[in-house]
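Residue numbers (my numbering): 793 to 1696. See below for the structure under consideration.
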């Protein structure tokens, strides 16, 4: 299985053979050289070539029938008709190919936006890179929640456990260790010193050197497990596919009826057959699913520019239905730039000056500068904060970039402000997890080992038996407990986040017999630190916009109730003194939690299990729930939500994979922006569905009613195909990029199961189709009368007028379809430059079909005089003007009725 048995070699030998440095990693230049051997990714199934896709446009049944009819026309000597129809079919195929190609390319762009990242050490510093850029010899840093990005030989582990079910089928996490050397033929499941691509870090942390990438990994060797399937259609796309199939049956039925009726009445059989097939080709909205995909994908790219990276297209549809956003506090509503401002031991309280990650700042005891390292308890607290810490700060960078958790970054800055910088060689570690709410490290001392623990005060107090003083230690009494708990409550009301610190010393013998639980018991309390994380400047505005849009923001945090409530009030989530703690949730039944979740806006001291229950309760209450998460244990709640949202900066890979959307900036306002964009995208889909189906219904009814009424064919087959060509493609696509309407975020969320044709859209489509067909027949009749008065024996003038009117009516209709709330006169005619260009292009093409001497014989058209144009444009635009007057009048009538009710 392996080219080299890396597991049977000591890790220093592996590092040597791969010509890398386990502390500094590879240089960027060397990594670039090694990347020439290939990207770190699994080969995907090859998509069809562009030529194959283009040929595929001609495999539609109706197009094949039309091509066969074209051949028959040619054999019968109707060469002009045959060549023209063939040209139109080819142009339609080109447009269909462009739509399909754009849709596929857009989906590829979306996929790249959500590509996994890896944390590596290069050029001597920790940095994040795209996982596909990893090369053999890279030193990869693994944290809880990461997906292993390549095959690694581990070189450093701290309580590291990896779940390898993707490879072995075993869901129980495997303990990993770097120092063990294993036999050559050991089974994959027992390779304790290896980490494999695609597996998941469930606990602890570690480092490993990349030994295989891409198809050379174990995952690559079983690549059939990772074959990339085509993206599943969204619910909306599936519904439109079903609608399309229904319309195909209806249209074919109508077209057969029209053809048979025409033949019975003496029309030429070939002419009626061609008319029927042409009408079917024009009327069936075969491009609708592709247009929907393109619009969804373009919308997703716009959302990405606003820092919302959508991983699943279905999320775009659901965003417009969202009624509740469950948000974490830290980093989402706040700036995630922690600063330790206060510390307190039993005998000393101090404030710390400075902001952010700047090292400028001092410890102050009142008005006096405090020498923090000269005070026993304060000094130990600072050392605990420094050693119980994974954060790093790039001091060479002028902006002082933080690598790691912001809370740990704040603690590191505090220690550096005090002037402390010791060795961070950790002998043993018990990583933080959301259940224990503690992190523990063991470091070597002069006379044995020292255990440092940091975590939640209420948890740590139960693990401590003594408290540090300036001289020695003292028994931890109830008085001491009460004092620190009171201090925490006081600070929390000022939005401080409070952490506690403790330690104890152990001999080597004691350390050897101590398990993880023993390390975290019988501790000596050092004191507490209070850090602030100010709300994001735009958080209050975004919360206010959500409330106006009928969306309820809810804060769900692991922080203390007083801190959570203070922040929630500052950003406008609540004005009440109401907060539910995790311990209270434990006392509630699922039914009681449903009732509670309806009214509570702040949940504090919650565990991942609580988050999962809250989401389920809100969904049971009928809400459409968006839920944010970052840690690996948040993944179940994120997955359970209607819209799972992962943090892009601090989120784990597992949470990102469980999510529908990733916030690139971890900012609550990005969620609000995504909802705004999601509503606009759905509106645009309704707009072009309204336009396309309204036009197609109009075309079908025109031919159907003419046949029923015994009228001659109002349109020739070539004319039907031409109308479809100039009015369906470009205007519909342009509607898909219509700017958001005013007031998008001032209306309530739409119901999740609402039909696309709700709110009168279906009836509106049928009504407009009927209007277009009846007025087309009126224009056709007027044309017949005009032709007879002019002494014409054929129907060229009548058909030219009907042909031109049908195009004009649809181009006026597209202007109406820009908004369901406002008239074209209110939103302006030039807000969508793509639509204006599409309308002008279609009008110009129709003008050529009517006036070009080369095209007149092809389309059987004749020039129109000014009064005929006036009649055509006047009737085509009359419906738009009528709708505008009706809308304004209805709105004023509603205002008058509301005013009358108030007066009454």
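Cβ coordinates follow ideal geometry from the N, Cα and C atoms, glycine included.
Between the alpha carbons of residue 1581 and residue 1567 lies a gap of roughly 21 Å. The alpha-carbon separation between residue 1222 and residue 1475 amounts to approximately 51 Å. Of the other Cβ atoms in all chains shown, fewer than 16 fall within 10 Å of the Cβ of residue 847; this residue is therefore exposed. Following the DSSP letters along the chain, one finds residue 1293 in no alpha helix (DSSP H) but inside the beta strand (DSSP E) bounded by residues 1288-1298. Linking residue 1200 to residue 1616 through their CA atoms gives a straight-line distance of about 56 Å. Residue nearest to residue 1308 within the set 1290, 1342, 1244, 1318 is 1244 (criterion: CA-CA distance).
Using a Cβ-Cβ distance cut-off of 8 Å, the segment 1315-1325 and the segment 1122-1140 are in contact, since at least three pairs of beta carbons, one from each stretch, lie closer than that value. In this structure the segment 1362-1372 does not touch the segment 1419-1437; the number of beta carbon pairs closer than 8 Å is below three. Proximity to residue 1356 across 1390, 1333, 1334, 1396 peaks at 1396, based on C-alpha coordinates.
Taken atom to atom, the span from the alpha-carbon of residue 1096 to that of residue 1237 is near 50 Å.
Within the segment 909-993, the runs of alpha helix (DSSP H) that reach at least 4 residues and sit entirely inside it are, in chain order, 957-960. Between residue 1451 and residue 1094, the CB-CB gap reaches or exceeds 8 Å. Contact check for residue 1122 against residue 1418 fails: the beta carbons are separated by 8 Å or more.
Taking all protein chains in view, the Cβ of residue 1384 is surrounded by fewer than 16 other Cβ atoms within 10 Å, so the residue is classified as exposed. Counted as a single uninterrupted DSSP element, the stretch harbouring residue 1323 is not any alpha helix (DSSP H) but the beta strand (DSSP E) occupying residues 1315-1324. The alpha-carbon of residue 1328 is positioned some 5 Å away from that of residue 1126.
Three or more Cβ pairs drawn from the segment 938-957 and the segment 1001-1011 lie within less than 8 Å of each other, which places the two stretches in contact. Here the alpha carbon of residue 1377 sits roughly 15 Å from the alpha carbon of residue 1429. Every beta strand (DSSP E) stretch that sits fully inside the segment 1237-1276 and reaches 3 residues is listed by chain position as 1240-1247, 1256-1260, 1265-1267. It is roughly 13 Å from the alpha-carbon of residue 1676 to the alpha-carbon of residue 1610. Contact annotation: the segment 1170-1186 touches the segment 1202-1213, with at least three C-beta pairs closer than 8 Å.
The segment 923-933 makes contact with the segment 810-823; the number of CB pairs closer than 8 Å reaches 3 or more. In this model, residue 1230 and residue 1456 are separated by some 28 Å (Cα to Cα).
With 16 or more other Cβ atoms inside 10 Å of its own Cβ, residue 1565 counts as buried.
Taking all protein chains shown into account, residue 1056 has fewer than 16 neighbouring C-beta atoms within 10 Å of its C-beta and is therefore exposed. By the Cβ rule, the segment 1620-1639 counts as touching the segment 1517-1526, because three or more pairs are nearer than 8 Å. Exclusion of the five residues before and after residue 1157 leaves 1142 as the residues of its chain whose Cβ lies within less than 6 Å of its Cβ.
Contact between residue 1240 and residue 1299 holds, with the beta-carbon distance rounding to 5 Å and staying under 8 Å. DSSP lists no bridge partner for residue 1677. Between the alpha carbons of residue 1530 and residue 1671 lies a gap of roughly 22 Å.
Assignment of residue 1232 by DSSP, reduced to helix, strand and coil, places it in the strand class. Of the candidates 1319, 1267, 1287, the residue whose Cα lies closest to the Cα of residue 1277 is 1319.
Annotated three-state conformation of residue 1303 is helix, per DSSP.
In the three-state DSSP reduction, residue 1455 falls in the strand class (E or B). Under DSSP, residue 1141 takes part in a beta bridge, and its partners are 1136. Restricted to the segment 1467-1519, not a single beta strand (DSSP E) segment is unbroken, complete and at least 3 residues in length.
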